[in-house]
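Comments concern the structure below.
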Amino acid sequence: MKSLILKEVNRFTVIIIYMFGLYIILHGHLSPGGGFAGGTIISAGLVFYKLVYPERSKRIINKDVLMKSICGAITVYGLLKSYHILHGILNHTAEKSLSQVPFAIYSAGSLLVLNCCVGVIVACTFYSVATLFLEGDL
Amino acid sequence: MNNLKVFPIIIILLLLLTAFVMPLIKKRKGVFFLSLTTVAATFLLSAGMLRTVNLVGSYFIKVGPYEAPWGIAFHIGYIEALMALLFTGVTLMISWYGVYSIHKDIKEDHIKYYFTLVHILLAALLGVVFTNDLFNGYVFIEAVTLSSCGIIIIKNNKNTSKATFKYLIMSVLGSGLLLMGIAFLYAITGQLNIIAINNELVKVAASKQNIVTISLSLIMVGLGVKSALFPLHTWLPDAHSSAPTTSSALLSSLVLKAPIVFLIKVIYQVYGLEVIRETPIFSILLFLGVAGMILGSVFAIYQKEIKRVIAYSTVAQMGYIFFGIGLGTEMGLMVSLFHVFAHALTKAMLFLCVGSMIEQSGYKYKDEFRGIGKEMPVTLGAFTLGALSMVGIPIFPGFISKWYFSIATINANQYIFLAFILASSLLNAVYYFPIVINGYFGIDNVKGKIYKSKYKPIKEVLPLAVLAIAMVMISGYSSVLLEFFKLGLNIK
Amino acid sequence: MDNLMTNYYDSASMILFGVGFMTLLLNNNLIKKIIGMNIMDTSIFLFFITKGYIEGGRAPIYAATQSQSQNFMNPLPSALMLTGIVVAVSTTAFALALTIRIHDAYGTIELDKVIEKRGLQNEQP
Amino acid sequence: MNGINLLLPVVLPILAAIAIPFLLEKKKEAIRPFIIGTVFLNLIINWVTISTLKTRMYHIWTLNDFIDVFLQVDELGILFSLLVSVLWIFTTFYAIGYMEHEKHQERFFAFFIMTLGITNGIAYSGNLFTLYIFYELLTLATYPLVIHSETEEALYSGKKYLIFSFGGATFILLGMILLYTLTTDISFVAGGLPILETIDRDQTLLMIYIIIFLGFGVKAALVPFHSWLAAAMVAPTPVSALLHAVAVVKSGVFALLRVCYYVFGADVVERIEGNVYISVLIVITILLGSLLALHQDHLKKRLAYSTISQLGYILLGIVILNENALLGGILHLINHALIKITLFFCVGAIYVVTHKIYIQEIKGIGRKMPVVMWCFAIASFSLIGVPPSNGFVSKWYLALGALGAAKPFFAALLMLSAFLTAAYLLPIVVTAFFQTADEASETEYTVSKYMTAPIVLLTGVIVLLGLFPNPIVGYIENIVMKLM
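From first to last, the protein sequence lines stand for chains A, B, C and D.
Each residue of the first sequence is one higher than the last, beginning at 13 in this note's numbering.
Each residue of the second sequence is one higher than the last, beginning at 15 in this note's numbering.
Each residue of the third sequence is one higher than the last, beginning at 6 in this note's numbering.
Each residue of the fourth sequence is one higher than the last, beginning at 4 in this note's numbering.
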């Protein structure tokens, strides 16, 4: 992984991969895709980055950061979801906020936030699984 | 009234949410505090649930926006509420005990993850108990499996890796069979909701006898693996004996019980007793249960490690529960549920006692604990109570359930099995009493070595005391409990 | 025999299930065990999904312009199996991680050699 | 009061037992007056309870029809509990003297007192289930007494004791469950449960009867299950005395009385012919006990086998099923308790002072310890049944009963066994008084007065009962009248 070409190519492809993943996450509620798919793509970018710059990625994305982002995202997701579940049960009405407008990111209620949370969780999880298998430890 | 009905959902959400807050906390004390308060809160909520059931009777509650046959629903009746009370209560006591001892078993920075896993485990267990949807039950059972594997492997050494792998493989086998059984059921009824399946099944059962038998036996074996039905128990002693103490207690007292409750739900609410009586399932369960309760005890006699003795005793006790189910009567199911209660409390206490004995003395073989009663009278006293209950000395719940098992056996006209029940209780005596007797009266092996649990602060012994009191209490209130179980079984 | 041929997807998934089951139980190699586990899970997914399949039915995407008379396939089994797949994936990941640990501890992933190395003192009678 | 004071005889000793370890941490000397106070208080409470009580029943814990723990006072229970309470006082004094130099005194006395409470519980049990609970607890409470010395041998004997007792208890439980499914009622009613008269499943009833009889027979040392009794001789002598004379074996016999006359009833037992099968075992018990006793050189073991044979008499009185025999049986229960406890005390006294346990070692000891050996001789003659001793009275009634039931074989058996009794007890007396010691030692043997006093007093009681048996015979006749 010391090839210069790889390093240089990596610099700008990784950005594009992240952008692509983000796009899929953000438009998950409007078009095919969503948090899981986008998160996987982002994690692919992260792993790619890690393969080329192992030390730097280890410094930036260490165990602490991973755990914190996973747990934080799950907490936010859980809070929102529990609000929805309880809201749905207590009011005995199906959620109205789920109606989505094509091409408008800020529609469909909190679905966008949920998708983002799922994206973070999936990206971090896959990255840590890959790290575990590569190095045996986070 | 509606606001009261959401308690089960709040319980599960609360547990799952706090589970993932745990790793964010830096200090050990904070983790303990959060965990204990959450579990205590769920305990109170379960009590509230029982009260709600008392007020309005059993009820269904949808999870999410969709109504029952399409969306997931929980069914809350007496059985579910009581089981929730049991599970949260026992977990509370075990985690309370764990607060003072867990750092001796696992690494410092793993403690917060441990409590994360415990919370997920508890939430999944409660999910298995509450759910009214077979597939949802399967998912929860998988969550139980993975998190319980987690709480075994967290004590990182050679033995646990192997034991966990064995457990994982067997569990995956079990859940594969379970899912296959659910698939067969889905194939003939087109439903996953328990009530809906039952409605369809009574129409088609007569013409599809084979599929009913196949699906039921798949589900039975699948759940049997998870809760150590006799010939499928091989993973249990390894896993339970190599895990950290608190995990052993959790695994033995709760993790085995949730699939049992699910199985009883499947038997009673999905198929109905009449449909199953047409098949040979009950007699198979009966024989396997009897084999478990005799051979489990026989194996236990030959074990050298004290934790393995208790693990094999669990196999025997699960034999009783399967035996009760296999009687195929309402009474049998009720008594099985009662034994779930009795065994959960007793076994949790036994494992905690043994764990603290091992931890204080550093020994692990049962012959080495001679004279430990002089050094740790309170712990061995609690152990003695548990042992007496297992052997079936009156006024302890072990006796009460044995008694009701006998009555149920006679009512089901299976006289011959009476002898096995009684023989099994004698076998229990054969391996529990030597430990107690050597502990109190044996020639000292541990003299001057132990750090005197006599002087243990009272708050560390309190969980054991609470479990002991609860144990005696439920034998006092056994008729009330059985009445509740009877009400719980008669839904619709 | 006729039944087997007409319900060929059921038979196929059953055969797969058998293959996976035997691999899971009888193979000595831990990795092969995990592969068997995956085969078993996959066969169940197949079985489940075929239950929702209708000959000539189309994907259940609702659009106002299409005529209502056309048959939809049942989406529920597919949705359920998505969950099932996630469960299977996480189990597999966990099992693989365990295998790595066992390899670190014992230097082998053959089960009989693992047992040999542990010695016989702890095995059940 | 609602009869709650009926709990006192049971609970008070148990509470006292729990208090002993705490008391001991403060003051070691206080233990002796504390125990003596407890046993006396127990006797007084027993007396007050039974003489003042209006409600004669107290439900401790009612779960359903079956699991209904309640206490009930009736004449038989009063008789047994008074017997126990009185003998316990003697044993306490004796034990204080005997245990002076032993270790773990506090544990010994704690369980010793606890056993008293549990035995009271057995006496006052109102149904079979309550009886079963106390019966199990009795096993657990006496176990630490049996293995008191904590040697290998003691532990082995203790194990044997536990296995036999729990095996027996399992039989009882089995029988109880079967009985309950037939009758749904297992409380004690004088003359037997009325409902059993109407049940015509003789075969099943017979099975239940035999199962329960064998179960309780374990504690009453019925022959196939007698070997724990001899093994349990490793215990300290006060315990052996208790086990043999009062608490354990007599509880077994007492329970059998309850089962035969308060649950099944004489008529039902006769109808199902349960007594016929059992009496075979009893005959074997009587003969085998006596014959085995002849072969023992160990003093305590000889007495132990003698107990087995004597218990056979009492059981015989129970199964002959007529008034005289039952009267004789109950009377022998009391007499044997008194006699056997005296004999054990004497042997224990010899052991404490001289450390001699075999017959051939005690040559000429009658001259060194005249009081003890004279008491031993008197008790021996009583046990053999030489008139006018109390043993004679009870055997007389037993023989009358046997003849009344037209079974002269049993009467002949009693005679034979009396000869055998003489054959194994008199050699001890003869050796002690008429043979000279091998080596003349000049040491003076002094027996602690804590030990001598109970022996002498008990011998006095034995003689008195032999001379004036009428009050107690009258009282037992009352009981028997109600049962037949």
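Note that CB positions come from ideal geometry on N, CA and C, so glycine has one too.
Taking the Cα of C:N34 as reference, the smallest distance to any Cα among C:E60, C:E121 and C:L116 is reached at C:L116. Look at the stretch 84-102 of chain C: the residues with a C-beta under 8 Å from a C-beta of chain A are A98, L101 and A102. Here the stretch 363-381 of chain B does not lie against the stretch 332-343 of chain B, with fewer than 3 beta-carbon pairs under 8 Å apart.
At a cut-off of 9 Å, the C-beta of C:I107 has a neighbouring C-beta in chain B. With 16 or more other Cβ atoms inside 10 Å of its own Cβ, B:E94 counts as buried. Collapsing the DSSP output to three states places D:M372 in coil. One alpha carbon belongs to A:V130, the other to A:K93, and they sit about 12 Å apart. Excluding residues up to 5 positions away in sequence, V239 lie with their Cβ nearer than 7 Å to the Cβ of B:L187 in the same chain. When Cβ-Cβ separations below 9 Å define contact, B:V186 makes contact with chain C. Nearest neighbour of B:T423 by Cα position, chosen from B:A396, B:A253, B:M348 and B:K126, turns out to be B:M348. DSSP, read as helix, strand or coil, puts D:N481 in helix. Contact annotation, D:S128 with D:V237: C-beta distance approximately 30 Å; criterion of less than 8 Å not satisfied. D:K366 carries a coil assignment under DSSP once its states are collapsed to helix, strand and coil.
Residue-level contact check: A:L144 touches chain C, since one or more beta carbons of chain C fall below 9 Å from its beta carbon. Any Cβ of chain B closer than 9 Å to the Cβ of D:T173 would place that residue at the interface, and such an atom is present. Under the three-state reduction of DSSP output, B:H357 falls in the helix class. Nearest Cα to B:P448 within the set B:E497, B:T360, B:Q317 and B:F410: B:Q317. A residue is called buried when at least 16 other Cβ atoms come within 10 angstroms of its Cβ; A:H41 meets this threshold and is buried. In the three-state scheme derived from DSSP, where H, G and I count as helix and E and B as strand, D:Q75 is classed as strand.
Note on D:G477: under 16 other CB atoms within 10 angstroms of its CB, so exposed under the neighbour-count rule. Using a CB distance below 8 Å, the part of the stretch 108-137 of chain D facing chain B consists of F132, Y135 and I136, ordered along the chain. What D:I180 touches in chain B, judged by beta-carbon distance under 8 Å, is W417, S420, I421, I424 and L432, going in chain order. Annotation for B:H124: no beta strand (DSSP E) segment contains it, and DSSP assigns it neither H nor E. Within chain D, no residue has its beta carbon less than 8 Å from that of B:L96; the closest one is some 18 Å off. For C:F22, the neighbours in chain B by C-beta distance under 7 Å run, in chain order, M194. Using a Cβ-Cβ distance cut-off of 8 Å, the stretch 447-454 of chain D and the stretch 99-107 of chain D are in contact, since at least three pairs of beta carbons, one from each stretch, lie closer than that value. Secondary structure of C:R63 (DSSP, three-state): strand. Contact with chain C is absent for A:G47, since none of that chain's Cβ atoms lies less than 9 Å from the residue's Cβ.
No Cβ of chain D is located within less than 9 Å of the beta carbon of B:F352.
Listed along the chain, the chain C residues whose CB falls inside 7 Å of the CB of A:V141 are A98.
The alpha carbon of D:W91 has as its nearest neighbour, out of D:R110, D:Y354, D:I38 and D:I63, the alpha carbon of D:I38.
Residue pairing for B:N207: DSSP places it in a beta bridge opposite B:D147.
The beta carbons of C:P65 and C:M86 sit no closer together than 9 Å. Taking 9 Å as the threshold, the shortest C-beta distance from A:G148 to chain C falls below it. Spanning the alpha carbons of B:A61 and B:L232 requires a straight line of approximately 35 Å.
Excluding residues up to 5 positions away in sequence, G80, F83 and S84 lie with their Cβ nearer than 6 Å to the Cβ of D:A126 in the same chain.
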